[in-house]
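Engineer:
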Amino acid sequence: MVGSPAHHPALSTCPPEILERIFKYACVDGGITGSSLSLVSRYIHNVSMGIRYQSIALDGLTQMRRFMCLLETIPPNSARVRDLFLSCYDKDGAAAVETRPLVSLSMPLKKPSWTQRLRRVLSSKATCVPESIVIRGSPQWAGRKTDDETRIMLNDCITKILSTVASNLEVLTMVMPEPWEVPLPHLDYPVLQDLTLFATQEGRDWWHISQTGKRSLPALQKLHLAGSQYIPSNIATLVNDSPSLTDICFSGLEMGISGFETGTDLRNILLGLLGLPIPIGEPFPRPTSFQRCLIRPRPPSHYGAQFSYARHVTVLDDLQKLAKDHHEVVVLRSQLWGLDVDEIVEEARDLWLDTVAGGLGCWDETEVDRFAEELSLVSYGYLPLSCSR
Numbered sequence: 570m571v572g573s574p575a576h577h578p579a580l581s582t583c584p585p586e587i588l589e590r591i592f593k594y595a596c597v598d599g600g601i602t603g604s605s606l607s608l609v610s611r612y613i614h615n616v617s618m619g620i621r622y623q624s625i626a627l628d629g630l631t632q633m634r635r636f637m638c639l640l641e642t643i644p645p646n647s648a649r650v651r652d653l654f655l656s657c658y659d660k661d662g663a664a665a666v667e668t669r670p671l672v673s674l675s676m677p678l679k680k681p682s683w684t685q686r687l688r689r690v691l692s693s694k695a696t697c698v699p700e701s702i703v704i705r706g707s708p709q710w711a712g713r714k715t716d717d718e719t720r721i722m723l724n725d726c727i728t729k730i731l732s733t734v735a736s737n738l739e740v741l742t743m744v745m746p747e748p749w750e751v752p753l754p755h756l757d758y759p760v761l762q763d764l765t766l767f768a769t770q771e772g773r774d775w776w777h778i779s780q781t782g783k784r785s786l787p788a789l790q791k792l793h794l795a796g797s798q799y800i801p802s803n804i805a806t807l808v809n810d811s812p813s814l815t816d817i818c819f820s821g822l823e824m825g826i827s828g829f830e831t832g833t834d835l836r837n838i839l840l841g842l843l844g845l846p847i848p849i850g851e852p853f854p855r856p857t858s859f860q861r862c863l864i865r866p867r868p869p870s871h872y873g874a875q876f877s878y879a880r881h882v883t884v885l886d887d888l889q890k891l892a893k894d895h896h897e898v899v900v901l902r903s904q905l906w907g908l909d910v911d912e913i914v915e916e917a918r919d920l921w922l923d924t925v926a927g928g929l930g931c932w933d934e935t936e937v938d939r940f941a942e943e944l945s946l947v948s949y950g951y952l953p954l955s956c957s958r
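Residue 570 is where the sequence shown starts when you use our numbering, and the numbers rise one by one after that.
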């Protein structure tokens, strides 16, 4: 007589090597499944020990500190973090942040579309007021500003976490407030293959990071930088530290970091990657295995920005000419930044989850820029918004 299922639970009798393979494919959601596995039974808890930490997503200082405490309680070989998502912002919006009006970054790639966003703005009840008033006073731009003490504590936590998990890390995404110094501690990352950095705009001058030692990224193949808060020389250092780099994606860097020299920084970087002479500025390194550079333009996303849009159109035209002559450069369809910090965090998280699950992430070339169509949309949808009533 066959016993009841209660007397022969499948998981408790399944060989650990089979369970490990199953858990490996299941634990790709930032730690949700791994956390559940630890509570099923003692047997499942022990079998999943070396796998359930392979995909970890941490939002804000509180979660980072909890994870640091967890790392201290488990055997070093069990904390094999393969895919890591780090956001400096608490998911619930609490914990050591000031609320203030802010033009911040991001909009999810799949929702809503460029034209849907235009229609939403045009159909809203918002009135046409000067840019300075809208940016500083309109509640729809409300975002978060990380205080100085929290920034220091975040930096310490990130450094300690990466010091522990760097040896097994393959995919890393970080969302940081204006990481001018490229917030990647100077450690050895022997198997890191995919690195994404998202910069939010808070109005700070610098993100201080330790410059001691040398950063080693021998296996890094894909680098994605989103936002404009990066210094070209620091990007060059990061590229120099990555001899195996093949793919680079810049999202929002086309408006430049050099003030009035809009677009000059990105153009010089592209010229360096293509092995062409740079007329102005420091030379930029070309990785020996470099294959392509994707550019995701981010047009100004606030009202009253005629001058910003005019500059953006000029920069896009220049990038299009460069891409036409060099197949390594691909200009993707423009994408608006979102209205608050939460949106940039969710965009970064969506791309990270897609990459971890085997998707293309930001490396999807199907949305090639249709420049003429977007120019007509900009002219129709944005410039009239800056007019007086």
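Cβ coordinates follow ideal geometry from the N, Cα and C atoms, glycine included.
Can you tell me whether F636 is helix, strand or coil according to DSSP?
Structural biologist: helix
Engineer: What residue range does the beta strand (DSSP E) around L723 cover?
Structural biologist: L723 -> not in any beta strand (DSSP E); alpha helix (DSSP H) instead, spanning D717 to V734.
Engineer: So does the segment 885-896 actually touch the segment 924-932, counting three or more Cβ pairs closer than 8 Å?
Structural biologist: no
Engineer: Using DSSP bridges, identify the partner residues of C818.
Structural biologist: Residue pairing by DSSP places C818 opposite H793 and L863 in a beta bridge.
Engineer: Mapping the DSSP letters down to three states, classify A768 as helix, strand or coil.
Structural biologist: strand
Engineer: Counting C-beta neighbours from all protein chains within 10 Å, is the total for H614 16 or more, i.e. buried, or is it exposed?
Structural biologist: exposed
Engineer: For the ligand COA, any of its heavy atoms closer than 7 Å to the Cβ of D659?
Structural biologist: No copy of the ligand COA occurs in the structure displayed, which carries no ligand at all.
Engineer: Within this structure, are the beta carbons of P852 and G841 separated by less than 8 Å?
Structural biologist: Yes; because the gap between Cβ atoms is below 8 Å, this pair is in contact.
Engineer: Beta-carbon separation of L655 and I721 under 8 Å?
Structural biologist: no
Engineer: Using alpha carbons as the reference points, say which of S802, P848, D911 and I838 lies closest to I864.
Structural biologist: I838
Engineer: DSSP has D911 in a bridge; who is on the other side?
Structural biologist: According to DSSP, which records beta bridges pairwise, D911 is partnered with nothing at all.
Engineer: Helix, strand or coil for P746, going by three-state DSSP, please let me know.
Structural biologist: strand
Engineer: Tell me where the alpha helix (DSSP H) around A805 begins and ends.
Structural biologist: P801 to N809
Engineer: With DSSP as the reference, label P584 as helix, strand or coil.
Structural biologist: coil
Engineer: Sort L627, I587 and L588 by Cα distance to I601 and report the nearest one.
Structural biologist: For I601, the nearest C-alpha among the options comes from L627.
Engineer: Applying the 10 Å Cβ sphere with the 16-neighbour rule, what's the burial state of V650?
Structural biologist: buried
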